[in-house]
Structures are given as structure tokens and as C-alpha cells.
Amino acid sequence: MSNLLKSALEKERSHYSEKLFQIGVYNKEVMNKMTISELRKEYAYFFRSIPNHKKYPYTR
3 MSNLLKSALE KERSHYSEKL FQIGVYNKEV MNKMTISELR KEYAYFFRSI PNHKKYPYTR
């Protein structure tokens, strides 16, 4: 079970690191020092942030 968990965490880390590296946010040296939680937060900030839209754009 622990090997499965290690493998999953390593895949998750490499996914987030690769995506953040592709857009040039961080270099690999910095990302290696970041925790998985920090990588998740940064990924969410850059890839999942949705601009604020008005709930009813056609009404005032």
C-alpha cells in the first residue's frame, strides 16, 4: 500500500511541476523544494482561477 501511495504522490508532484514549469512560473530547483500542497495551490491559482463574472450580465 505504501508503494502505491508513494507512486501516486510522485505522479501528482511531477504533473504539477511540469505544468508550472511549462508556463514559466518557477524553475525546477524551486519546485523541488516546494511541498505537494504548495504545488497544488500554485497550480490551482494559475490554471483554475476563473475571472469574476456578474451573475446576471444582461441586467444592471
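With the numbering used here as the guide, the letters of the sequence shown map in order to residues 3 to 62. Glycine included, every Cβ here is placed at the ideal spot set by N, Cα and C. All figures in this text were calculated on a predicted structure; none of them were measured in a lab.
- Should residue 19 go down as buried or exposed, given a rule of 16 or more other Cβ atoms within 10 Å for buried? Residue 19 is buried by the Cβ-count criterion.
- Nearest to residue 46 (by Cα), restricted to the options 32, 34, 27 and 35: Nearest C-alpha to residue 46: 27.
- Could you tell me whether the Cβ atoms of residue 22 and residue 40 are closer together than 8 Å? No, they are not a contact pair.
- State the start and end residues of the unbroken alpha helix (DSSP H) segment that holds residue 63. Missing from the structure shown is residue 63; the chain here goes from 3 to 62 and no further.
- Message: Assuming contact is defined by CB atoms lying nearer than 8 Å, are residue 7 and residue 38 in contact in what I supplied?
- Response: In this structure, residue 38 does not lie closer than 8 Å to residue 7 by Cβ.
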